[in-house]
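Chemist: Okay, handing you the structure first.
In the UniProt record's numbering, the protein residues as written are 1 to 251.
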């Protein structure tokens, strides 16, 4: 049976102080994060809600999903949200050899790099077709614009955040990823939207009861969490606003 804290204890934050658990501030700012996308079934709906509420969030994306759904990933960027690395295949660090874990992490990094080079050259581009291979990337925009770059030519992402799937990684894995210039982002409040045994009402309570200024809150734009997320996200946002909270991206 897996166990997660709804509110991360202070002792854990102190013990693992090299990770980011919250962002203390005096202006009631909080940070919504969404893990496991982008996917068309959920991420686009989340983006619609965020746009309607005029708030920004941070998306920790799976590389395989970025590769499969590039237009959704581009929309995340276009609408002013931030993204972070969540490995290419949603790996559990505790059950994965460090060498394989870092390799998978870098596969996700490469997907993020490809969009950085595209956007640095063409600002906001609406993608109509994307072809990706391991050795090159070809973006076809609506104007039939093409860009080809080998992976070795792509720059390191200028926004380097990583969240380990399941919150699980070894000390060796964390040190290697931090050495590459990444900040490892965990969370202060976990909604439990992914767990079928927990009701939507309880998930909502988890967030509203435990959120304080600086909280990093975890939701999931995934199939597993979709049913609960659709029930609670709009109301949670409204109630957090009513409590005087502001929303921002992790930066």
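Ideal Cβ placement from N, Cα and C applies to all residues, glycine included. Remember, it's a predicted structure, so these values are computed and weren't measured experimentally.
Do residue 238 and residue 28 have their CB atoms nearer than 7 Å?
Modeler: Not in contact: residue 238 and residue 28 (Cβ atoms no closer than 7 Å).
Chemist: So, are the CB atoms of residue 213 and residue 54 less than 7 Å apart?
Modeler: Their beta carbons are not under 7 Å apart, which means residue 213 does not touch residue 54 by this criterion.
Chemist: Among residues of its own chain, excluding the 5 on either side of residue 132, which ones have a beta-carbon nearer than 6 Å to its beta-carbon?
Modeler: Note that residue 132 has pLDDT 42, beneath the 50 cutoff, so the model's placement of it is unreliable and the number below is only indicative. Only 67 meet the Cβ criterion.
Chemist: To the nearest angstrom, how far is the alpha carbon of residue 183 from that of residue 203?
Modeler: Each residue's Cα considered, the two are about 27 Å apart.
Chemist: Rounded to whole angstroms, what is the Cα-Cα separation between residue 63 and residue 86?
Modeler: Those two C-alpha atoms are separated by around 7 Å.
Chemist: Would you mind working out which of 105, 56, 235 sits nearest residue 173, comparing C-alpha positions?
Modeler: With distances taken between Cα atoms, residue 173 lies closest to 105.
Chemist: Distance check for residue 94 and residue 210, CA to CA, integer angstroms please.
Modeler: C-alpha separation (whole angstroms): 28 Å.
Chemist: Whole beta strand (DSSP E) runs in the segment 33-95 with 3 or more residues, listed along the chain?
Modeler: 58-61, 82-85, all fully within the segment 33-95.
Chemist: Return the CA-CA distance between residue 73 and residue 163, expressed in angstroms with no decimal places.
Modeler: Using only the alpha carbons, I get a separation of about 17 Å.
Chemist: What is the rounded straight-line gap between the Cα of residue 236 and the Cα of residue 249?
Modeler: Roughly 17 Å separates the two Cα atoms.
Chemist: Is there contact between the segment 219-237 and the segment 32-41, where contact requires at least three CB pairs shorter than 8 Å?
Modeler: Touching, yes.
Chemist: On the DSSP letters alone, give me the boundaries of the beta strand (DSSP E) that residue 20 sits inside.
Modeler: Per DSSP, residue 20 belongs to no beta strand (DSSP E) and is neither H nor E.
Chemist: Just how far apart, CA to CA, sit residue 252 and residue 69?
Modeler: One cannot answer for residue 252 here, as it falls past the ends of the chain, which runs 1 to 251.
Chemist: Using beta-carbon positions only, say whether residue 59 and residue 90 come within less than 7 Å of one another.
Modeler: Contact flag unset, no.
Chemist: Hey, quick one: how far does the alpha helix (DSSP H) through residue 217 stretch, first residue to last?
Modeler: Residue 217 -> not in any alpha helix (DSSP H); beta strand (DSSP E) instead, spanning 216-220.
Chemist: Name the one or two DSSP bridge partners that residue 29 has.
Modeler: Paired residues: 246.
Chemist: Excluding five sequence neighbours on each side, which residues of the same chain lie with their C-beta closer than 6 Å to the C-beta of residue 42?
Modeler: Result list for residue 42: 221, 226, in chain order.
Chemist: Where do the ends of the alpha helix (DSSP H) carrying residue 12 lie?
Modeler: Where residue 12 is concerned, the enclosing alpha helix (DSSP H) stretches over 10-15.
Chemist: By Cβ distance below 7 Å, which residues in the same chain neighbour residue 160 in space, the five residues on each side in sequence not counted?
Modeler: Result list for residue 160: 181, 182, 183, in chain order.
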